[in-house]
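Take a look at the structure set out below.
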Amino acid sequence: MTAEKIEGTLVLDGLIEGRTSRLADAAGELRRWTASARLLGLTFNLQTDGGSFSVLPDNAPVEAARLGDDPAGRIAELLDELVRLLPAPERREILSTLRSTHYLPGREVQTLYAVGPDGAVQTQQRTVDAVTTRPPEKLTARAKARLVLTGLAIVVALAALSAIFVDYPALWGRLRSRMMPFHADSIRVETGNFAPFFRAENRQMLHGGTALGVTLRRQAAFPRTDEDCQKLLDAANSLPARLTADALARGYVRCELFDEEGTFLGYSMHRIADLRRKDTLQIAIPIPRERRLARVSITY
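Each residue of the sequence shown is one higher than the last, beginning at 690 in my numbering.
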């Protein structure tokens with residue numbers, strides 16, 4: 690999944706799940722919560738099924754400024770408001786893989802929002818370099834006319850001076866790097882916190898070179914039943930361990946993509962639940978066209 694990263698915008702993804710068997714008028718309370726989130730520009734899609742619910746955020750970019758000076762902090766407060774709607778016993782059963790990506794000039798701030806065993810909202814944040822785009826400016830008719838004239842002047846100047854100022858060898862090198870075919874073995878795949886549970890092997894190009902195929906081989910520690918998943922959740926004594934256990938319980942992992950310089954290129958989500966009944970599973974990771982893929986990190 691790759692999209693233009695507009696500075697000053699924020700994107701949500703992930704999922705919030707929980708039980709509501711002890712909450713009176715659960716559907717109404719949850720709808721009121723989604724309505725309050727909508728006032729901040731955040732849209733959540735609510736689904737209820739008997740005594741359980743799931744909340745899926747709309748991943749369309751929103752203006753981060755609508756959330757105040759600390760967007761991640763405001764989202765954490767919003768999640769805490771949701772948690773407090775539920776009776777204490779059900780707060781411990783909430784699973785959250787909600788995450789936000791806040792685009793700033795030349796970087797992005799990624800924040801994970803989890804709910805601990807005590808029902809408290811926990812966050813984990815990191816900042817990575819990214820190729821971002823300035824937001825479009827609103828122009829008056831006079832400014833547009835001035836821009837057209839300036840653009841024409843620049844085109845004429847560049848046409849005359851490009852041979853002096855453009856580094857054509859470097860430009861050709863970048864273009865050649867993008868056009869050269871990928872070799873699957875040159876792309877490093879890291880399993881991180883999932884290393885005890887599955888191994889990545891047998892990399893190959895798929896779909897005419899537009900995707901990287903990776904075979905995941907189940908290890909002995911991989912949880913095969915709901916009871917195994919619950920044991921992992923109960924044994925998790927840190928936020929990364931709990932998020933890893935949450936991902937295994939839900940049966941989905943996130944593959945983050947990086948170029949040779951370590952710049953974050955995007956991500957894709959993949960279902961791995963079939964490893965509960967199969968020794969191996971192949972996932973197809975879409976390859977970005979803008980930058981050359983060098984590393985894949987499998988994370989929660």
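Backbone N, C-alpha and C fix where the C-beta goes; we use that ideal spot for every residue, glycine too.
Contact check for Pro806 against Arg781 passes: the beta carbons are separated by less than 8 Å. Beta-carbon to beta-carbon, Leu735 and Arg711 are separated by about 18 Å, too far to satisfy the 8 Å threshold. A Cβ-Cβ separation of about 6 Å places Leu731 in contact with Val751 under the 8 Å criterion.
It is roughly 33 Å from the alpha-carbon of His896 to the alpha-carbon of Phe733. A direct Cα-to-Cα measurement between Ala753 and Pro760 gives close to 6 Å. Val810 and Ala777 do not touch by the CB rule: their CB atoms are close to 15 Å apart, not below 8 Å.
Cα atoms of Cys918 and Phe911: separation of roughly 9 Å, rounded to the nearest angstrom. Between Thr786 and Ser741, the gap from beta carbon to beta carbon reaches 8 Å or more. For Ser725, the enclosing alpha helix (DSSP H) covers residues 715–727. Given a length threshold of 3 residues, each whole run of the beta strand (DSSP E) inside the segment 935–987 is given here in chain order: 941–947, 953–960, 969–975.
In this structure, Ile783 is the residue among Ile783, Gly697, Asp738, Leu771 with its C-alpha nearest to the C-alpha of Gly707. Within the DSSP bridge table, the entry for Tyr792 names Glu797 as partners. For Val903, the CB contacts under 6 Å within the same chain, skipping 5 residues up- and downstream, are Val878, Ala889, Arg892, Ile972 in chain order. Runs of beta strand (DSSP E) with 3 or more residues, each lying fully within the segment 867–935, are found at 877–879, 887–895, 900–907, listed in chain order.
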